[in-house]
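The structure appears right after this line, and notes come after that.
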Amino acid sequence: MDLLITLAIALALLLLVIGGILIRNILRTGSNLPLSADWIEELSIERYRPMLRMLDSADIEFLRSQPGFTPQMGAKLRQQRAQMFSGYLRSLESDFARVCSATKLVMLHSNQDRPDLARTLLRQQFQFATGMLNVRCQLFLYRWGLCGVEVSSLLKLFDGVRLELRSVIPAMSMSA
Amino acid sequence: MPNAEHFSKFFEILSLGLTVALALRLFLSGLFRSYPVFFSYILFQIFEATYPLFIKSTSQDYVHVYVYTHWIAYLLHILLVAEICRLILARHPGIYSLGRWAIYVGVLISLMFTLLTLTPHVNPRAPQISHILPYYLAAGRSIDFALGIFLLLMLAFMSRFPFRLNRNVVIHVSVYTFFFFATWLGTFAHAWFGMENAELFNLFLTIAACACLLAWLVLLSPNGEQVRSAFPTFTQERETRILEQLDALNATLMRTGRKK
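For the protein sequence lines, the chains are A and B, in the order given.
If you're matching positions, the first sequence starts at 27 in this note's numbering and goes up one per residue.
If you're matching positions, the second sequence starts at -6 in this note's numbering and goes up one per residue.
Structure (structure tokens):
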């Protein structure tokens, strides 16, 4: 069979598969709305508190001052801490996604057009994506001991976010 | 012993029967009021399914009828997609602007894809039945390809929101996507091979059309217009707080990224 026709068939099949996946995602999303009072209760600053000291250079400096310390020990410690920090960042991403879902629900539920919310949502998602990329780059450099990552202000602000969100989302359950 | 021509006739008659049945179903169930463009398209398809039964597909008469009437189908294809977009956005006025921006971006991207597929000049291997037909088919397959890409982009946009679409809309979007890409593939192959395998590709297109008609006939129903929804109520104050939380999360992330 001609190469061109083969490629056309492959392209058509690929696009149909993509369409099927998107339709499946739409059907799943519609049946699993994310908001409920339980989700608000689960959103806690306590799980992020260890991040305050996780990437603190003081620990490594202290170990460096101890006899028997080797650079390999420092590198291993940084790698382990970076892995744990990555896990917390994933959790932060998940919580941000939930707040975005709340915004999207406000828009979907609104009886009036909300271009203001749409602009804010797009801006927030863009800023978060670029900010997360920046942090992950710095985290990568931290693994090699090239720079640090400041997290104390991150947790202070997130604590405020959590308390605010608890007062916002009503105590109701979502039907599936 | 059945041959390709018998298969072709069988599916052409089947296509006509399914089209008439679907038109009757839409009319009797009242769905024609919700989907007027779709109903118009099905009525036009009754005409398009009828004349191949009386005119040989490799004849000049067939080409003339096809060229002079099929542009209506292209126009209806575009209006079908517009109808679906209108139905989705009409149920969700809150995202009307965002949906409009998504449509503009979708149209731009699908047009770019279409131009890319049109740029390489396809030289058919085999003799063509008409000088105008290749250009006509090129325009048609470009429209169908662009509409298929546009639908995929709209699906990607909708997948980012917790939509509660009614079943009929999901069926329409699914079947349209299959229909546009199958039609694109069939007309692409038809243009490439020309007269040589015209019957074969017409058979492919007819079978694809029968599959779509059957899906619509079986799956569309008045009950499919119902949407279950249980959205929470949000006051202005709550909405402001949610936005402040988004700002706070982003500010936190940006500060985290600053070097000490």
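All C-beta atoms, glycine included, are put in the ideal place defined by N, C-alpha and C.
Quick caveat: nothing in here was measured; it's all calculated off a predicted structure.
- Neighbours of LEU73 (chain B) across chain A, judged by C-beta separation under 8 angstroms, do not exist; the nearest C-beta is about 16 angstroms away.
- In the three-state scheme derived from DSSP, where H, G and I count as helix and E and B as strand, CYS173 (chain A) is classed as coil.
- Within the stretch 144 to 174 of chain B, the residues whose Cβ lies closer than 8 angstroms to some Cβ of chain A are LEU144, LEU145, LEU148, ALA149, MET151, SER152, ARG153, PHE154, PRO155, PHE156, ARG157, LEU158, VAL163, VAL166, SER167, THR170, PHE171 and PHE174, listed in chain order.
- Taking 8 angstroms as the cut-off, the Cβ atoms of VAL211 (chain B) and LEU140 (chain B) do not count as close.
- LEU172 (chain A) does not reach chain B, its nearest Cβ partner there being about 10 angstroms away, counting only Cβ pairs nearer than 9 angstroms.
- Chain-ordered, the chain B residues with CB closer than 8 angstroms to the CB of ALA144 (chain A) read ILE88, SER90, LEU91 and TRP94.
- Interface with chain B (8 angstroms Cβ-Cβ cutoff): PHE122 (chain A) is included.
- Collapsing the DSSP output to three states places ILE48 (chain B) in coil.
- Leaving aside the five residues that flank ALA42 (chain B) on each side, the residues in its chain whose CB is nearer than 6 angstroms to its CB run, in chain order, SER8, LEU9 and THR12.
- Taking the Cα positions, LEU143 (chain A) is about 32 angstroms away from LEU165 (chain A).
- Looking only at B:GLU(-2), B:HIS(-1) and B:LEU15, the smallest Cα-Cα distance to ALA204 (chain B) is reached by B:LEU15.
- In this structure, the CA atom of LEU178 (chain B) is about 21 angstroms from the CA atom of GLY99 (chain B).
- Assignment of ASN137 (chain A) by DSSP, reduced to helix, strand and coil, places it in the coil class.
- GLY45 (chain A) is positioned such that its CB atom lies no closer than 8 angstroms to that of LEU207 (chain B).
- Contacts with chain A at 8 angstroms (Cβ-Cβ) do not include ILE77 (chain B).
- Taking a beta-carbon distance threshold of 8 angstroms, THR32 (chain A) does not count as an interface residue toward chain B.
- When secondary structure is reduced to three states using DSSP, TYR28 (chain B) falls in the coil class, being assigned neither helix nor strand.
- Taking a contact as a CB-CB distance under 8 angstroms, the pair LEU198 (chain B) and THR176 (chain B) counts as one, their CB atoms being some 7 angstroms apart.
- For ASP139 (chain A), the closest Cβ of chain B is nearer than 8 angstroms.
- Cβ-Cβ distances below 6 angstroms link LYS2 (chain B) to nothing in the same chain once the five nearest sequence neighbours on each side are left out.
- Residue state for GLN219 (chain B) is assigned as coil, using DSSP reduced to three classes.
- About 17 angstroms separates the CB atoms of LEU146 (chain B) and SER90 (chain B); that is not less than 8 angstroms, and the two are not in contact.
- LEU68 (chain B) and ILE77 (chain B) have their alpha carbons spaced roughly 15 angstroms apart.
- Secondary structure of THR107 (chain B) (DSSP, three-state): helix.
- Residues of chain B with a Cβ closer than 9 angstroms to the Cβ of GLY45 (chain A) are, in chain order, GLY141, LEU144, LEU145, LEU148, VAL166, SER167, THR170, PHE171 and PHE174.
- DSSP, reduced to helix, strand and coil, places ASN159 (chain B) outside both helices and strands of the structure shown, so it counts as coil.
- The three-state reading of DSSP puts ARG75 (chain A) in coil, since its state is none of H, G, I, E or B.
- One thing to note: ILE71 (chain B) has its Cβ no nearer than 8 angstroms to the Cβ of ILE164 (chain B).
- Excluding the 5 residues flanking it on each side, GLY23 (chain B) has same chain C-beta neighbours closer than 8 angstroms at PRO215, in chain order.
- Residue state for THR96 (chain A) is assigned as coil, using DSSP reduced to three classes.
- Contact check for ARG162 (chain A) and GLN105 (chain A): beta-carbon distance about 15 angstroms, past the 8 angstroms limit, so the pair fails to qualify.
- Taking the Cα of ALA38 (chain A) as reference, the smallest distance to any Cα among B:PHE181, B:ALA241, B:ALA191 and B:LYS49 is reached at B:PHE181.
- Per DSSP, ASP28 (chain A) lies in no alpha helix (DSSP H) segment and is marked neither H nor E.
- Bounds of the alpha helix (DSSP H) holding SER135 (chain B) are 126 to 152.
- In the DSSP assignment, HIS63 (chain B) falls within the unbroken alpha helix (DSSP H) covering 53 to 84.
- For the C-beta of ALA108 (chain A), not a single chain B residue is nearer than 9 angstroms; the gap to the nearest is close to 14 angstroms.
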